[in-house]
Each structure stands twice: as C-alpha cells, then as structure tokens.
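The letter at position 13 of the sequence shown is residue 12 when you use numbering that gives the first Met the number 0, and the numbering goes up by one with no holes. The structure appears below as structure tokens.
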Amino acid sequence: MSLKVERGRTLARSQALQLLFQAEILGRTVDDVLAGDYLLARASEEASPLVPYAAELARGCYAHIGEIDRGLARVSENWALDRMPGSDRNLLRLAVYELRFSPERVDDAVVINEAVEIAKAYGTDESASFVNGVLGRVVRDPRIFPRPVDSTPAEDAAAPALGAQATDAVEVAAPAAAEAPVSIEGC
C-alpha cells in the first residue's frame with residue numbers, strides 16, 4: 000500500500016473505503032461493521048485507529064448507496080457494477096458521495112485525485128485509470144448526479160474544466176483482464 004494513503008483526509012478516505020468494502024462483503028450495514036470488529040489495513044505494522052471523518056464518509060455514502068449505484072450504472076454503462084472489482088466499486092461510491100452528496104463541499108479535482116491515489120494503493124493495475132475516467136464522466140455530465148443546490152455559480156462554471164482536467168491523463172471504459180496493462184503514469 001502506498002504511504003500516500005496514510006495521511007490526513009486521504010487516510011480517512013482509505014478507511015472509509017475499507018469500511019464500505021467490509022459492509023458489502025459481510026452483507027451488513029456500515030453501522031453494523033462499526034459496531035463490531037473491523038479491520039483497517041496499513042502499510043506499516045502499527046495499528047491504526049479509526050479517523051472520525053472515515054466513519055462520517057462511510058455512513059454518508061451508505062445512506063445514499065442506492066442513488067449512487069443507479070448513477071454509476073448509467074455512467075459506466077458498458078461495465079456493470081457487479082463486474083467491477085469490489086475496491087473500485089466502493090471507491091467510486093465513496094468519491095461520488097463526496098462529489099455530490101456530502102454536506103461538506105470538496106473541490107472535484109481534489110476528490111478525483113484522492114480517488115486515483117487510493118485506487119493505486121488498493122486496486123488492480125487498471126484501477127487508477129478506470130476510476131479517473133468514470134469520475135471524469137460524473138463531473139462532466141450534470142444529468143447523472145446534479146450539483147447540490149448550495150453550489151455556487153463559480154463552481155458550476157468550473158465543472159466542465161475540472162472534468163476535462165481530471166480525465167486528460169487516461170480515459171478508460173473498463174478494466175479487462177485480456178487487455179494489455181494500461182500505463183497510469185501522469186494520473
């Protein structure tokens with residue numbers, strides 16, 4: 000795992016991803032996972048306490064998971080959610096929550112860049128470019144996930160530029176085992 004995912008908000012996003020993944024695998028709610036024994040992975044040997052922001056993100060994402068999944072199914076029309084690697088699927092859910100549902104506004108480019116870094120740490124060789132491409136489509140197409148009502152006109156005007164910037168590196172429709180490895184340099 001990259002040491003880049005062991006700091007600050009990136010650590011919280013990494014932990015939220017792990018909580019969502021565990022909830023999905025166990026067939027439980029995020030609150031059930033948080034109430035029981037859960038495992039948080041780190042690159043180092045020491046134990047990592049749960050960052051409060053991680054629980055907030057995981058709970059918020061889980062509360063909107065149906066709507067997020069419907070939108071992701073539309074954005075990734077050639078790649079069914081159940082065919083995606085679990086880490087990619089849950090990372091996309093988490094990023095979409097932060098992009099469009101979180102009460103705290105975080106810049107789109109920051110969310111996408113963080114998701115790409117986390118995909119490098121937890122996903123396949125193709126995950127970073129796949130996550131980058133899907134999130135770029137989310138940002139560019141306001142019909143999929145409309146901006147929250149409280150967004151400012153300046154943010155709305157910047158959305159097309161952010162979407163183009165976020166996906167300039169690589170635009171991939173879906174990871175496929177039969178394809179040659181995709182270079183993720185510059186992501």
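Idealized CB from N, CA, C, for every residue including glycine.
Quick check on DSSP: helix, strand or coil for S128?
helix
When you compare each of D30, V138, R88, F20 to V109 by their alpha carbons, which one comes out closest?
V138
Say whether the segment 60 to 75 touches the segment 83 to 100, bearing in mind that this needs 3 or more beta-carbon pairs closer than 8 Å, one atom from each stretch.
yes
DSSP state of L80, grouped into three classes?
helix
Taking the CB atoms as reference points, tell me whether L199 and N112 lie closer together than 7 Å.
Nothing about residue 199 can be read from this structure; the chain reaches only from 0 to 186.
Quick check on this structure: which residue in L71, R73, L19, V130 has the alpha carbon closest to the alpha carbon of A54?
L19
So, under 8 Å CB-CB, V130 and D87 are touching, yes? Tell me the CB distance rounded to an integer number of Å.
6 Å
Closest by CA to P48, which one among A72, L10, D107?
L10
Do R8 and V29 have their CB atoms nearer than 7 Å?
no
G132 burial status per 10 Å Cβ neighbour count (16 or more: buried):
buried
Applying the criterion that 16 or more other CB atoms from any shown protein chain within 10 Å of the CB defines a buried residue, is G122 buried or exposed?
buried
Can you tell me whether V137 sits near the ligand FMN, meaning its C-beta is under 6 Å from at least one heavy atom of the ligand?
The model on display carries no ligand, and the ligand FMN is accordingly not part of it.
According to the Cβ coordinates, are V74 and I143 closer than 7 Å?
yes
Enumerate in chain order the residues of its own chain whose CB-to-CB distance from V50 is below 8 Å, with the five nearest sequence positions on each side excluded.
L10, A11, Q14
Give me the Cβ distance between V105 and E97, rounded to the nearest whole Å; I'm assuming they're in contact under 8 Å.
6 Å
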